[in-house]
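Note sheet for the following structure.
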Amino acid sequence: MGIVLSWLRFLLEELERLEGRKREIEKELENVVSKDSLIFTIPGIGKTLGCIILARVGDVRRFSDKKRFVAYCGLDPVVESSGKSVVSRGISKKGDAVLRRAFYLAALTAIKVNLVIKRFYEDHKGRLKGKKLITACARKLAVITWAVLYYNKPFDASE
Numbered sequence: 001m002g003i004v005l006s007w008l009r010f011l012l013e014e015l016e017r018l019e020g021r022k023r024e025i026e027k028e029l030e031n032v033v034s035k036d037s038l039i040f041t042i043p044g045i046g047k048t049l050g051c052i053i054l055a056r057v058g059d060v061r062r063f064s065d066k067k068r069f070v071a072y073c074g075l076d077p078v079v080e081s082s083g084k085s086v087v088s089r090g091i092s093k094k095g096d097a098v099l100r101r102a103f104y105l106a107a108l109t110a111i112k113v114n115l116v117i118k119r120f121y122e123d124h125k126g127r128l129k130g131k132k133l134i135t136a137c138a139r140k141l142a143v144i145t146w147a148v149l150y151y152n153k154p155f156d157a158s159e
């Protein structure tokens, strides 16, 4: 019992240390990335995920259109076609895995707080389910992010 108790104490101390380090890193991020960066106008993208996205993307103007940006994120659909049929096989996953995960996590929040993503989610609930639906929302969020950063305009749900 004593070994289990000491291991538990060690794990709790380690968790506290890591949470403290996380807070320090978040403060450092605030110093590096401007709070008025346009990415933070998009509901669902918070401080940490916004910083991750900005760091992984760099200058968004290097992507001349949204399709190239979505492909870079690894959220582009894989479509196989033969002479008679066209079949969608999910996403390519060829892009940046960290960026793909950041958009996926942001989509989980955006479904609740972003009217555009919420509407998209509701409209596609019948056709897609589970992770596929959230991944589709992540792709939509990536497109919105590209547009906000590329055109240098804050997010506007009416557009």
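First residue of the sequence shown: 1, per this note's numbering; consecutive thereafter.
Every residue gets a Cβ at the ideal spot worked out from N, C-alpha and C, and that includes glycine.
Quick caveat, the model's predicted, so the values are computed rather than measured.
May I ask you to verify whether the stretch 40-54 touches the stretch 109-117, counting CB pairs closer than 8 Å and requiring at least 3?
-> Under the Cβ criterion (8 Å, minimum of three pairs), the stretch 40-54 counts as touching the stretch 109-117.
When burial is assigned at 16 or more other CB atoms within 10 Å of the CB, is Lys140 buried or exposed?
-> It is buried - the Cβ of Lys140 has at least 16 other Cβ atoms within 10 Å.
Whole-angstrom C-beta distance between Ala138 and Leu49, which should lie under 8 Å | No, Leu49 and Ala138 are not in contact; Cβ-Cβ is about 11 Å, not under 8 Å.
Assign Tyr104 to buried or exposed, taking buried as 16 or more other Cβ atoms, counted over all protein chains shown, within 10 Å of its Cβ.
-> Tyr104 should be labelled buried.
Please say whether Lys129 and Leu38 have beta carbons closer to each other than 9 Å?
-> Against a cut-off of 9 Å, the Cβ pair of Lys129 and Leu38 comes out as no contact.
Use the C-beta contact count for Arg23: other C-beta atoms within 10 angstroms, 16 or more gives buried, fewer gives exposed.
-> Per the 10 Å Cβ criterion, exposed.
Nonlocal neighbours in the same chain, by C-beta distance under 7 Å from Lys125, ignoring five residues either side | Once the five neighbours on either side are set aside, the close Cβ partners of Lys125 are Leu133.
Along the chain, where does the beta strand (DSSP E) that runs through Val78 open and close?
-> Following the DSSP letters along the chain, one finds Val78 inside the beta strand (DSSP E) bounded by residues Pro77 to Ser81.
Let me know the secondary structure DSSP gives Arg61 once reduced to three states.
-> Arg61: helix per DSSP, three-state reduction.
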